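Okay, structure first, notes after.
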Amino acid sequence: MEALLFITAAAGKINLCLRLSGVVSSPSSHEYRFVYEPMTWADAQSYCRRMNSDLATIATMEDVETLNKMAVMNNMVYTSYRTKVWTGLYRDGWKWSAGSRFSFSYWKSTEPNNNNGNEKCVLATFDALGKWEDWRCDVEKAFICSKFKPDKCNGWYK
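Have a look at this one:
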């Protein structure tokens, strides 16, 4: 696993952080990490939580734009199993798995449709500019983990 060294300086203080490659920051308060190993929604959530994060909370249009840029850079738009990835949104009155309030949405025009009453989890679809679809939770897909940006080295930072 690759790691990147980040050096930041502010108010005369220098911070050195070693961060895993593949982590991208949004202008909002989130950092995201794409995981390309297909898993069910529940397994993806467990994986993210073992990494001290959770399935992605996408709280603003800036977050969507950040993820879209990352998807294009990683050729996810053109790789079929990577075009749809799990987010942390799920149907239980619509909640984010990290516990934050659901207020922003970016649904495809025909979604959510809860096809056959089985679509409880949400995918971001990068062949449709990151718009969301509800989907069966037992399907294995790539996914995105997210966490709040740290003030200092922790979590994805070493």
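Our numbering numbers the first residue of the sequence shown as 1061 and each following residue consecutively.
C-beta atoms are modelled at their ideal positions from N, C-alpha and C, and glycine is treated no differently.
Everything numeric in this text was worked out from a predicted model, so none of it was measured.
Minimum C-alpha distance to residue i - residue among the options
{"i": "D1187", "options": "K1129, E1091 and A1116", "result": "K1129"}
{"i": "A1102", "options": "T1120, K1201, N1173 and F1164", "result": "K1201"}
{"i": "N1220", "options": "L1189, R1196 and S1165", "result": "This structure gives no information on residue 1220, because the portion of the chain shown stretches from 1061 to 1218."}
{"i": "F1208", "options": "M1133, F1164, N1112 and T1126", "result": "N1112"}
{"i": "F1164", "options": "Y1096, T1120 and V1095", "result": "T1120"}
{"i": "L1189", "options": "K1180, E1097 and S1169", "result": "S1169"}
Assigned secondary structure, residue i (DSSP; H/G/I helix, E/B strand, else coil)
{"i": "A1102", "result": "helix"}
{"i": "T1147", "result": "strand"}
{"i": "C1108", "result": "helix"}
{"i": "K1191", "result": "strand"}
{"i": "T1126", "result": "helix"}
{"i": "A1241", "result": "Absent from the structure is residue 1241, since the part of the chain shown begins at 1061 and ends at 1218."}
{"i": "F1164", "result": "coil"}
For residue j and residue i, the rounded distance between their alpha carbons
{"i": "K1191", "j": "D1114", "result": "20 Å"}
{"i": "N1178", "j": "G1153", "result": "15 Å"}
{"i": "L1183", "j": "R1093", "result": "15 Å"}
{"i": "E1171", "j": "R1110", "result": "31 Å"}
{"i": "H1090", "j": "V1132", "result": "19 Å"}
{"i": "A1158", "j": "V1145", "result": "17 Å"}
{"i": "C1205", "j": "R1161", "result": "17 Å"}
{"i": "G1148", "j": "Y1096", "result": "16 Å"}
Own chain residues within Cβ distance below 7 Å of residue i, not counting five before or after
{"i": "W1167", "result": "K1191 and W1192"}
{"i": "D1198", "result": "T1100"}
{"i": "N1134", "result": "F1094"}
{"i": "V1124", "result": "I1118, Y1166 and G1190"}
{"i": "P1098", "result": "Y1141, E1200, K1201 and A1202"}
Assumed close pair residue i, residue j - CB separation to whole angstroms, cut-off 8 Å
{"i": "W1156", "j": "T1117", "result": "5 Å"}
{"i": "Y1150", "j": "C1181", "result": "5 Å"}
Proximal residues to residue i (C-beta, below 8 Å), its chain only, five neighbours per side dropped
{"i": "N1173", "result": "E1179 and D1194"}
Sequence-distant residues of the same chain with beta carbon closer than 6 Å to residue i, five excluded per side
{"i": "Q1105", "result": "L1115 and S1157"}
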